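Let me begin by presenting the structure, written as structure tokens, before commenting on it.
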Amino acid sequence: MNFKQFSRFWINIALMLLLISSCSYSDSVCYKNDNKCTKENQFRYLLYDVNAPEGFNLRRDVYMRFAILAHQMQKSDNPALKFKMVLPPWSHLVHWSYSEYPEHIPWSLYFDLKSLQMFAPVIEMHEFFSRYQKKYSKVIIEKVYTLQHFEDMFETGNFEDRLKIEECQDTHKLNFFFYENITAKNVHCLSYHGPATKLTELFLNTSAGTILINHAEVALHEFFGNNLYWQARRSMRFNKELKTIADDFRRIFLKSNDETDNTILPESWKHEKPKRNAIGGSYIAVHLRRRDFVRSRPNETPNLDSVAQQITKILIKLNLNTVFIATDGPKDEFDTLSKMLVHYKLFKYTPSSVIKQKYKEGGVAIIDQIICSYARYFIGTHDSTFTFRIQEEREILGFPSDSTFNTLCKVVGQCHKPSIWTIVY
């Protein structure tokens, strides 16, 4: 080897070392923003999944925990915390009827994606696929952590924040969001207690470019109900088409609209200002949870006769004659309730076949929630996350607390008073 060849060899080695130093964690993750790495490769990817039996509205709460995590990491100066968070598609939810084939419903069908992205760096799963390998092909997640509770937590009373890789307490079968083209390199069980934001400690100690957090519901809110919580919640604006469908129903059947009800919101949630002057439409809304609550909570779930008495009492008090019912109960129960309240107007939303086919049960549930959110007065079901989400929506709209935080009683006059958490701007 002559001197020229020798020099060229060491120059090439130096360039390779320089390139490696500018890109770390994986081939697809960039450490610094320089001309050797493309703009879209400046991020790692965080995926999360939730325990299969958890319903739509609990999953929305888990989203907020991880959106706050992604929001805080986005603000960090540490390049190791630059993540894009991948939204898990809606598929095979236990409370929804579905076919044998996974639906893989994107978040944009139910929520305003641009509004979500104003708070956290989130992307849809199909975007992750296209950015990962530019095509729908095999995706290998580099690290999977299945969260589990510490076994000694309740025995010892040790509820301090901690995390530790330990043996798996159960045999966890990963479904990878029901995609056949996703697999994983390394799978660990992580005993965990603490807020989702504590996961940054984990991310700083792994070089993986793609990370999946399984059983994400184990991670908690850092500060439930604080300003950051409400920013995440306010960013969860619904798909505008669903809002329009709900508004049309309000206008046609309930004589309700945002102008007369004093419920107009600015185009962006970032421009919302504190208020407590929403009036609402001239109807009361009731979320009547039946199905599993009738069986699992017989000592808390009122019968239809008691429900009718409680509705009548509120209608008389407010001098109203119109009721909107959101319920998972069968049609014959609604018909029975209608007969008990024959002197009043009862409405429930029944989607057309076109709307049901396009938006599925999740979209229909959201339409119900929107209509309930704009009522003059709302009565919910104790301990129902469906009710919680409506109460939050009414807080955002600016309704008085006494018209929002109300629940049906097992026995008239003997109610579990719901927790009241007011919005923080």
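Mature numbering (1 follows the signal peptide of the UniProt record, and there is no 0) puts the sequence shown at residues -26 to -1, 1 to 399.
Think of the CB as a built atom: it goes at the ideal place given N, C-alpha and C, for glycine as much as any other residue.
Please read all numbers here as calculations on a predicted model, not as lab measurements.
Secondary structure of residue i, DSSP reduced to three states
i, result
"G256", "Note that residue 256 is Ser in the sequence shown here, rather than Gly. Reduced to three states, the DSSP call for S256 is strand."
"K249", "coil"
"W395", "coil"
"A138", "Inspection of the sequence shows that residue 138 is occupied by Lys rather than by Ala. Strand."
"A349", "strand"
"T381", "strand"
"W81", "helix"
"W70", "coil"
"Q331", "helix"
"Q388", "strand"
"T361", "helix"
"K291", "helix"
Strand pairing of residue i, partner residues [DSSP]
i, result
"V297", "I258 and L320"
"T120", "C163 and N188"
"M59", "L20 and V96"
"I156", "V113"
"G354", "T381"
"W243", "Note: W243 sits in no beta bridge, so no partner."
Proximal residues to residue i (C-beta, below 6 Å), its chain only, five neighbours per side dropped
i, result
"N160", "K117"
"T359", "N31 and L32"
"Y22", "F40, I187 and A190"
"F267", "T275"
"S377", "Y351"
"A182", "E116 and K117"
"Q48", "P95"
"P392", "F379 and T381"
"D278", "Here residue 278 turns out to be Leu, not Asp, going by the sequence shown. The residues are T310 and L311."
"E177", "The question names Glu, but residue 177 is Phe in the sequence shown. Once the five neighbours on either side are set aside, F177 has no close Cβ partner at all."
"T120", "H146, C163, N188 and H189"
"E307", "none"
"T184", "Y19, I115 and E116"
"V338", "P325"
"I139", "H162 and L164"
Residues of its chain near residue i, where Cβ-Cβ distance is below 7 Å and the 5 sequence neighbours each way are ignored
i, result
"P240", "E246"
"P374", "R250"
"E141", "C163"
"R269", "none"
"K287", "none"
"W395", "G199"
Close Cβ partners of residue i (< 8 Å) along its chain, the five nearest in sequence each way excluded
i, result
"T145", "none"
"K384", "N273, E274, T275, P276 and S280"
"D235", "A252, I253, G254, G255 and Y348"
"S209", "A41, S89, L90, M92, F93, A94 and W243"
"F85", "M210, R211, F212 and N213"
"M38", "H195, Y203, A206, R207 and M210"
"L292", "I258, R350 and Y351"
"T157", "K112, V113, I114, I115 and F150"
"G168", "D135, R136, L137, A193 and L194"
Rounded distance between the beta-carbons of residue j and residue i, thought under 8 Å
i, j, result
"M296", "S326", "At residue 296 the sequence reads Thr, which differs from the Met that was named. No, T296 and S326 are not in contact; Cβ-Cβ is about 22 Å, not under 8 Å."
"I285", "K322", "In fact, because the Cβ distance is near 13 Å, the residues do not count as touching under 8 Å."
"S280", "V386", "6 Å"
"V260", "I353", "5 Å"
"M99", "V68", "With 8 Å as the limit, M99 and V68 do not qualify as a contact, their Cβ atoms being about 20 Å apart."
"V398", "N200", "6 Å"
"Q122", "V192", "7 Å"
"A44", "A94", "4 Å"
"A282", "L320", "Contact flag wrong, Cβ pair sits at about 10 Å."
"I329", "I219", "7 Å"
"Q343", "E369", "Not confirmed; about 13 Å, so no contact."
"W70", "K305", "18 Å between Cβ atoms; not a contact."
"Q46", "T237", "Their Cβ separation, rounded to whole angstroms, is 31 Å, which puts Q46 and T237 out of contact at 8 Å."
"R263", "D302", "6 Å"
"I79", "P62", "About 10 Å separates the two Cβ atoms, so there is no contact after all."
"I258", "L294", "6 Å"
"K56", "Y19", "At roughly 10 Å, the Cβ-Cβ gap does not stay under 8 Å, so K56 and Y19 are not in contact."
"I341", "L228", "Contact doesn't hold; Cβ gap of about 13 Å is too wide."
Min CB distance residue i to chain C below 8 Å
i, result
"V118", "The structure shown contains no chain C; it holds only a single protein chain."
May I have a chain-ordered list of the beta strand (DSSP E) segments no shorter than 3 residues that lie completely inside the stretch 159 to 241? 184 to 188
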